[in-house]
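To start, the structure itself, in structure tokens.
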Amino acid sequence: MRVLLVEDNPTLAKSLTDALTQAHFTVDCMHDGEAADHVLRTQDYALVILDLGLPKLDGLEVLRRLRQRRNSVPVMILTAHGSVEDRVKGLDLGADDYLAKPFELSELEARARALIRRSHGHEQTKTACGPLEYDSVDHSFRLDGESLALTPRERSVLEVLILRNGRAINKETLSEKIFGIDESVNPDAIEIYVYRLRKKLERSGVAIVTLRGLGYLLEAKQEPAAAGA
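Each residue of the sequence shown is one higher than the last, beginning at -14 in our numbering.
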């Protein structure tokens, strides 16, 4: 799950990024309102965690512009100002939750997951592709009913592929979803994780297919029809 964190305090931004990454989120971090507004026009996120006291463009204006574009991504507001007036103003502009500083990291993580679940309309937590099953609550995979051992990066790649519902995704977009906006990361690094996943899925009936010009696609192989059927 890809999250945009907008926080101008470098120390707090780093601690929140580290905590969310440990909780299996992919985090892009912006430190001012203008940068946040720009990236929200071009990128898709599962959640926005937005500080109000931002330079260049305050958090409420970022939120107002976001909703004006009819973008319904869940937004959690962070602020050191816990007044009722601030809270009402943010909620009126379309915020989904409000967390006053200081707060516990565990509470932030729990609220983030709750907002994302709510935004998906309490959809089923389990998604399957043939014998491969993904549980979005604990971010685990099972293959033929058995737990599938994956590294964090492998899990992130497989999450993106299984949630695409049979739609291909190109290498560059997949890289952005896994590593965030990081120009130092070569999109070709994704090939390493795809190779490892293919090894773990071989002979399972599930395969990561490369479609020329389109990218990668996760699909379940169909069993051949029985003779005379």
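All residues carry an ideal CB built from backbone N, CA and C; glycine is no exception.
Pairing CB atoms from the segment 56 to 66 with CB atoms from the segment 24 to 44, are three or more of them under 8 Å? yes
Residue closest to Leu45, alpha-carbon to alpha-carbon, out of Asp22, Leu1, Gln28, Ala31: Asp22
Tell me the start and end of each unbroken beta strand (DSSP E) in the segment 29 to 73 that is at least 3 residues and wholly inside, in chain order. 32 to 36, 60 to 64
From Arg183, Thr158, Arg181, Lys185, residue whose alpha carbon lies closest to that of Pro172: Thr158
Judging by CA-CA distance, which residue of Arg149, Leu100, Ala85 is the nearest neighbour of Cys114? Arg149
Tell me, please, which residues DSSP counts as bridged to Met15. Its beta-bridge partners are Val(-9).
Spatial distance of Gly198 from Ile177 (CA atoms): Spanning the two alpha carbons is a distance of roughly 19 Å.
Can you tell me whether Val194 is helix, strand or coil according to DSSP? It is a strand residue.
Residues in its own chain within less than 8 Å of Leu48 by CB, not counting five upstream and five downstream? So the qualifying residues of the chain are Leu35, Val60, Ile62, Gly75, Leu78, Gly79, Ala80.
Could you confirm whether any beta carbon from chain B is found closer than 8 Å to the beta carbon of Met15? The displayed structure is made up of one protein chain only, and chain B is not part of it.
List the residues that DSSP assigns as beta-bridge partners of Glu118. According to the DSSP secondary-structure assignment, Glu118 is paired through a beta bridge with Ala113, Arg127.
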